[in-house]
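Peer 1: Start counting at 1 in the sequence shown, then tack on 88, and there's your number in my numbering.
What follows is a single structure, and I will ask about it in a moment.
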Amino acid sequence: MAELKNRSAYFEYAIEDKYIAGMVLLGTEIKSIRANKVSFNDSFCYFSKGELYVKSLHIAEYSHGTSSNHDPLRERKLLLTKRELRKLENKMKERGYTIVPLRMFITDKSLAKLEIGIGKGKKLHDKRDSIKEREADRELRRQFK
């Protein structure tokens, strides 16, 4: 099925922990997800009244939708266990941590899931190190082909 990755998240953040969360979606949203019409640009997660939401996750309007089509940038509630929510909320209180969406996929039971990760923002020198590692791996793969 469809699996969409947020490649820039691994470049911008040092991911420490990952969680799989369900999402509260509308009918036209799941149809757009199945058509791979999702953009992770500048999306992030935040807490509001003890619940976790994802903001700026762009799910394009469904092409065959009628007047009941969804708002592409609406905030979507994420579904996690209370234990996971408490753990994430405590980690968010520490300075420098943020929760970012890493990938979206559809399970065997046709449910859309969002993998989120908690991480710290990388500094410029950390990003340079990531680029060097990626280029070194690419060189190794070329040599062994």
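For each residue, glycine too, the CB sits at the ideal point set by N, CA and C.
1. Considering only their Cβ atoms, is the gap separating leucine 145 from arginine 164 smaller than 8 Å?
2. For serine 120, count the other beta carbons within 10 Å of its own beta carbon; 16 or more makes it buried, fewer makes it exposed. Which is it?
3. Between isoleucine 204 and isoleucine 187, how many whole angstroms is the CB-CB distance? I'm expecting something under 8 Å.
4. Less than 8 Å between C-beta atoms, sequence neighbours within five positions excluded: which residues of the same chain meet that for isoleucine 118?
5. Under a Cβ-count criterion, where at least 16 other Cβ atoms within 10 Å of its own Cβ denotes burial, should glycine 184 be classed as buried or exposed?
6. Under 8 Å, do leucine 173 and leucine 140 count as touching if we go by C-beta distance?
7. Tell me, which residues are paired with lysine 197 by DSSP?
8. What is the DSSP secondary structure of arginine 95, counted as helix, strand or coil?
9. Going by C-alpha distance, which of Thr116, Cys133 and Leu92 is nearest serine 155?
Peer 2: By the coordinates alone:
1. Indexing the sequence shown from 1 puts residue 164 at position 76. Indexing the sequence shown from 1 puts residue 145 at position 57. At the C-beta level, arginine 164 and leucine 145 come within 8 Å of one another.
2. The residue labelled residue 120 in the question sits at position 32 within the sequence shown. Serine 120 should be labelled buried.
3. Here residue 204 is taken as the residue at index 116 of the sequence shown, counted from 1. Here residue 187 is taken as the residue at index 99 of the sequence shown, counted from 1. Yes, isoleucine 204 and isoleucine 187 are in contact; Cβ-Cβ is about 5 Å, under 8 Å.
4. As a first step, residue 118 must be located in the sequence shown, where it is residue number 30. Apart from the 5 residues on each side of it in sequence, isoleucine 118 sits with its Cβ closer than 8 Å to the Cβ of Ala200 in its chain, given in chain order.
5. The sequence position of residue 184 within the sequence shown is 96, counting from 1. It counts as exposed.
6. Taking the first residue of the sequence shown as position 1, residue 173 is located at position 85. Taking the first residue of the sequence shown as position 1, residue 140 is located at position 52. Yes, the Cβ-Cβ distance between leucine 173 and leucine 140 is below 8 Å.
7. Residue 197 sits at position 109 when you count from the first residue of the sequence shown. Answer is none; lysine 197 lacks a bridge partner.
8. Position 7 of the sequence shown, counted from the first residue, corresponds to residue 95. Arginine 95: helix per DSSP, three-state reduction.
9. Here residue 155 corresponds to residue number 67 of the sequence shown, with the count starting at 1. Minimum Cα distance to serine 155 is reached at Thr116.
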